[in-house]
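Chains as they are written, first to last, in numbering that gives the first Met the number 0: chain A, 0 to 281; chain B, 0 to 570; chain C, 0 to 341. The structure appears right after this line, and notes come after that.
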Amino acid sequence: MTSATLRHTVWVLRGNPVTAVAAGGAFVLCLVALIGPWIVPHDPIASNVANALKPPSAQNWAGTDQLGRDVFSRLVIAARLDLAIAASAVTLSFAVGAVIGAVCGYLGGRLDRYVGRFVDILMAFPLFVLAMAMVAALGNRVENIVIATAIINLPFYIRFARAEVNVRRNAGWVEAARACGDSHLSVILRFLLPNVLPAMAVQVSLNLGWAILNAAGLSFIGLGVKPPTPEWGIMVAEGARFIATGKWWLVAFPGLALMLTVLCFNLLGDGLRDILDPRMRT
Amino acid sequence: MACALLTFTPWRLAKRGRVADSLQEFYRGKMDIMTRIKISLFAALLAGTALTAAAPAIAQTRAETLRHVTGAAINTLDPNMPGSTREAFGLSLLTYDRLVSFGRKQLDGKWVFDLDTIRGELAERYEVSPDGLKIVFHLRKDAKFHDGTPVTAEDVKWSLDRAVTARSLAAGQMLTGSITKADQFRIIDQHTVELTLPQPDKLALPNLATVYPVIFNSKLAKSKATAEDPWAQEWLKTNTAGSGAYIVESFKPGETTILRRNEDWKRGPGNSQAHFKRIITQTIPEASTRANLVERGDADIVIDLQAADAADLEKKGRLKVISTPQYNAITFVSFNTQMPPFDKIEVRRAIAAALPYEDMFKAALFERGKKLFGAEWAGGKAPDGSTFPIVQPLKTNLDEAKRLLTAAGFPNGFETTFSFNVGQAGTAEPMAALLKESLGKIGIKVDIQKLPDAQMSTLINEKKVPFFTEGIVAWLPSMDYFYRNFYIGPIRWNYSSLNDPQITEWAQAARFEGDKAKYAAYGLQLNTRHFELMPQIPLWQPSQDAVMATSIEGYTYQFHRQIDFRDLSRK
Amino acid sequence: MKLGATANRAARRFISSLPALFGVVVFTFLLMRVLPGDPAVFFASGPQAGPEEIAMIRAQMGLDKPVPQQLLLYLRDLSQGQLGRSLTTGQPVLVDLRNRLPASLELTLTALLIALVAAVPLGVAAALRPGSLVDHIVRFVCALGVCVPTFVSGLLLIYVFYYLAGLAPDPTGRIDIFMSQPPRVTGFLLIDFAIAGDWEGWQAAARQLMLPALTMALFVVAPLARMTRASMLASLGSDFVRTARSLGLSRRKIVVTYALRNAILPVLTIVGIVFSTMLGANVLVEKVFSWPGVASYALDALLSSDYAPVQGFVLLMASIFVLVNLTVDVLYGVADPRVSVE
């Protein structure tokens, strides 16, 4: 990071406390995800049926679930999996989308038209139902949830990258690189993509939150990760079924964790947009 | 938000007579005293009119209406359609009559259907010949279909012919009572029909009381039949041609079904009509919402709540909760006895010794059901042979489990999967988590598979699931029926793929055994052998928690695990 | 002349979207066949469900033929306007969809309306003072709406407003079960009740709509407010607003008459996209509120591997997506002649 960007960042953050707080929150989350297993007070998987469905207490800070497992410990441990699902889903669609989009935008022609058709098809799908169908077809394992989430995000990245590259492909510096004997591949990788990535990074942060919610929705209809793995979406989905009996802690705490995480990423995405491109802020 | 809701809710508030208070509170301090008086006057007026004019009329029809909510959907009006849901079966008991129906008995203080008492429904009486080969049904002379035409022997003959001939669910069921061919039914006269059996069969009569052999208005149905569809199956999916206690007023599959009382049907207690004038069945997918509805009095009865909600409502004590262990059902953990390592009896017995029964019962079912574990069997022999299932001598003993596992050649355990379907996740998921934890202690690593329902049934049908949990139900819960339908042959319901010549032989022999003592002797051998082989670990019989308004009376647990609304009344 | 050109453009645009629709049909068809569940087995629930019964259902669903042939048969049926039959409800899919689509549309449109009513003022307020406290609060409030899963906010709203407060009617579908339905004209209850002149019924239907519509609206306020803010900022910074300012016009007149009117056009284009996304994404809201819409119908069918309803639903959603986009494009072209639709 150059000092000018750094100065700009600091300046933006100062004028933008919300983003600063969101960045702090995201940092804490990542930290929790990293060191979670060493800081939890209880084993998140160990059951203790005699102690089931107890409200929050000094012993169990966020109460216990149906099997007497400590909700707080499960929340902390779940952070890693949830962030991993979201991050890998978004990274996947980002990487694949950027490359496909850039190649299409650069080369144009028939390939571009075919990919464009494919993107049209994907866009016309009701996305959540598509994700459901894919997870149902492939089996509800973590990697399939990631793949499904990545695929339904793909069209946006492809379109974005394609549009950005298309605008620049005839720019003077691209012509210059080509004139110097650079191959198409190297032009795309060394010159075009780096110019497009920052704008796409904003989308990444916004999509992270969305990916987590998507996984939670899949859990609600029973297509989430396998039990007894702790995951916020499943915890919320299971807790939601205890709303009627007033066991509020089962839905409130995982719901809060989910909410804060998504909130952090969304606000951070907004803020990033300011930092990377003040004019683009919308 | 609050504001938006208030503007949309005067009617409901008025009904509760609280509109004046709420509005006053809402506006307090925001306006001068005159405005406030005006508003309360207006509100009082509104409340007054609503209470005097609308309320009595609504209240009256409400009391005569029964509102039932369920998570599942009624998908057909003809219970014989392949794919019919349990709720559709339930409905058909109201819209159609059968020749006979089950009586009821008390089991541990709860009313349940009785397989051994078969009483007349459309038949006012029946006679079984001394050799058990002929059953003669004498039809009621006053019975009429919904369109007013009388029920005759031709209708009965056509309907039963349809049951054994048409491509529908009925034929497979009737088979279990030795009823397979149309020429077994003979019209003797306008009001008498005779059924001939190839051999005496205890289950022939009970089969005629199940949901399938309903009696159709044959003239009406035939008028809707076509060359490709001689039994009018297409038309009957969305139309009723019956004589039952209720008439379908509106049918929206997967949403709402509204039934109107058939005023001509007078076969209730003391030859009365059914009690409720209208019955509304609504599909509410969210279980917690169903609990809220019945707790707030908006719904009158529900039988498919989550165990936790039922326990909570029972504790609150404001509703009537009748909790009947489903004595014709079993929830079990099953092995595929043809797939290694579960082809070894020691492995199956090791797992049976390692399950944390009490914890599973508590966490999954909130102890709402009848345990099938924890018995003592003297000398390892089953104490009872007249029924199935019986309580098993199963106990958690990890040392024993470890020993058996070593004996089977797996001192360090093995890896396997444990499957259940999404539809059962509420109880199966906590159970699976406990099972995984406990088996981990003897070295068996379990990967839990939660499969969409259609996928699970497909895999089970293809016998590809090694280790899983399922539940079974028998409409006709006699001992040999269980063994013949769930533990023999390459059929789908033989979950454990058990192929034991002795069980097969004894179960087939017991089927036609008329002597009670000999029948029980077969049962003793079967029950003992079943436990020794351990193809499945029976866990419990979950309760059917019927939660209803305190004014509702007459609830009976029925064979098809639905409510027979003809039994119900409001105090 | 201009009208003809617009129609021409619309027609060309429509034809160019047909391949995408065809792709959706084929892709969905294949995806459903990949599902590991065999519907015939699932629906063969009889006590003696042996191979015969399963084969019978399979033949009934046409699953006994090879997949390419099934696809051709399906395409033939489609060309005749047939969508097949649902095993879950026992009805033709077309009938089910026709009965249920108005419920989904009414819910989505109401939610969209609520969201717009909330989002436009929020976006304008934020744009008037970019970087101020108001801006930050708006941004935060909007972000809050998008960060709760809809099934949680739905269940919480039910718990609070129905169970605890008794303010909302029971969450059991489109209308109080004890009220009579209006004669069906459009299928939209609010419109049908209005046509019938039954205002008590109209209120009942509106009350029933409130909670699910709110749940859905919460989720789309953010993108709409963000778009309003951006286009308002652009519009406030443009020449004609500067000119209006220099002429000394009142602030109110500048903001409402000049800036907002020009800013609303881009917002309306995004409304189209938001609408079609919402329509497909309200699966969980419909589920939670027992709303008899098309999305919950497709969900049930999907979980039981009931092919025809899922295929029909996806085709319907894709068609609506295409139509909405087309409409937006055409409207945009009418409003701004400089825009040409390829």
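Note that the Cβ used here is the ideal one computed from N, Cα and C, for glycine as well. Quick caveat: nothing in here was measured; it's all calculated off a predicted structure.
Contact annotation: residue 385 (chain B) and residue 522 (chain B) have beta-carbon atoms nearer than 8 angstroms. DSSP lists B:117 as the beta-bridge partner residues of residue 101 (chain B). Contact check for residue 295 (chain C) against residue 282 (chain C) passes: the beta carbons are separated by less than 8 angstroms. The residues 78, 82, 260, 263, in chain order, have a CB closer than 7 angstroms to that of residue 28 (chain A) in the same chain once the five nearest residues on each side in sequence are set aside. With 16 or more other CB atoms across the displayed protein chains lying within 10 angstroms of its CB, residue 333 (chain B) is buried. The beta carbons of residue 177 (chain C) and residue 61 (chain B) sit closer together than 8 angstroms. Closer than 8 angstroms to the CB of residue 3 (chain C) there is not a single CB belonging to chain A.
With fewer than 16 other CB atoms across the displayed protein chains lying within 10 angstroms of its CB, residue 45 (chain A) is exposed. Per DSSP, the unbroken alpha helix (DSSP H) holding residue 229 (chain C) starts and ends at 198 to 235. At the C-beta level, residue 383 (chain B) and residue 416 (chain B) stay beyond 8 angstroms of one another. Secondary structure note for residue 420 (chain B): its beta strand (DSSP E) is the uninterrupted segment 414 to 420. If you look at residue 42 (chain C), you'll find it in the alpha helix (DSSP H) that goes 38 to 42. In the same chain as residue 170 (chain C), and ignoring 5 residues on each side of it, the C-beta atoms closer than 7 angstroms to its own belong to 157, 161, 210, 288, 289, in chain order.
Interface annotation for the region 51 to 80 of chain A against chain B: 51, 65, 66, criterion Cβ-Cβ distance under 7 angstroms.
Within 8 angstroms of the CB of residue 89 (chain B), no CB atom of chain C is found; the nearest one sits about 14 angstroms away. The CB of residue 26 (chain A) never comes closer than 7 angstroms to any CB in chain B; the least such distance is about 33 angstroms. Residue 438 (chain B) and residue 101 (chain A) have their alpha carbons spaced roughly 52 angstroms apart. Between the alpha carbons of residue 270 (chain C) and residue 327 (chain C) lies a distance of about 9 angstroms.
For residue 101 (chain C), the enclosing alpha helix (DSSP H) begins and ends at 92 to 127.
Residue 544 (chain B) sits away from residue 553 (chain B), with the two beta carbons spaced by 8 angstroms or more. The beta carbon of residue 41 (chain C) lies closer than 7 angstroms to those of 303, 304 in the same chain, with the five residues before and after it left out. Taking CB atoms only, residue 318 (chain B) has no neighbour in chain A less than 8 angstroms away. Using a Cβ-Cβ cut-off of 7 angstroms, residue 421 (chain B) is close to 221 of chain A, given in chain order. Rounded to whole angstroms, the separation of the alpha carbons of residue 243 (chain B) and residue 92 (chain B) is 7 angstroms.
Taking a C-beta distance under 8 angstroms as the contact criterion, residue 395 (chain B) and residue 429 (chain B) do not qualify as a contact pair. When 9 angstroms is used as the limit between beta carbons, residue 107 (chain A) is near no residue of chain C, the shortest such separation being about 15 angstroms.
For residue 281 (chain B), the closest Cβ of chain A is not nearer than 8 angstroms.
With a contact defined as Cβ atoms closer than 8 angstroms, residue 337 (chain B) and residue 496 (chain B) qualify at about 5 angstroms. For residue 40 (chain C), the chain B residues whose C-beta falls within less than 7 angstroms of its own C-beta are 456, 457, 460, listed in chain order.
Chain-order list of chain A residues neighbouring residue 138 (chain C): 17, 266, 269, by C-beta distance under 8 angstroms.
Counting only runs of 4+ residues, the alpha helix (DSSP H) found wholly inside the region 104 to 136 of chain A occupies 108 to 123, in chain order. In this structure, DSSP gives residue 169 (chain C) a state outside helix and strand, which the three-state scheme calls coil. Distances from the alpha-carbon of residue 319 (chain B) to those of B:326, B:311, B:325 put B:311 closest. With respect to the 8 angstroms criterion, residue 61 (chain C) and residue 71 (chain C) are not classified as neighbours on the basis of their beta carbons. Separation of the CB atoms of residue 223 (chain C) and residue 118 (chain C) is rounded to 4 angstroms, and the pair is thereby assigned contact status at 8 angstroms. Between the region 183 to 197 of chain B and the region 145 to 158 of chain B there are three or more C-beta pairs closer than 8 angstroms, enough to call the two in contact.
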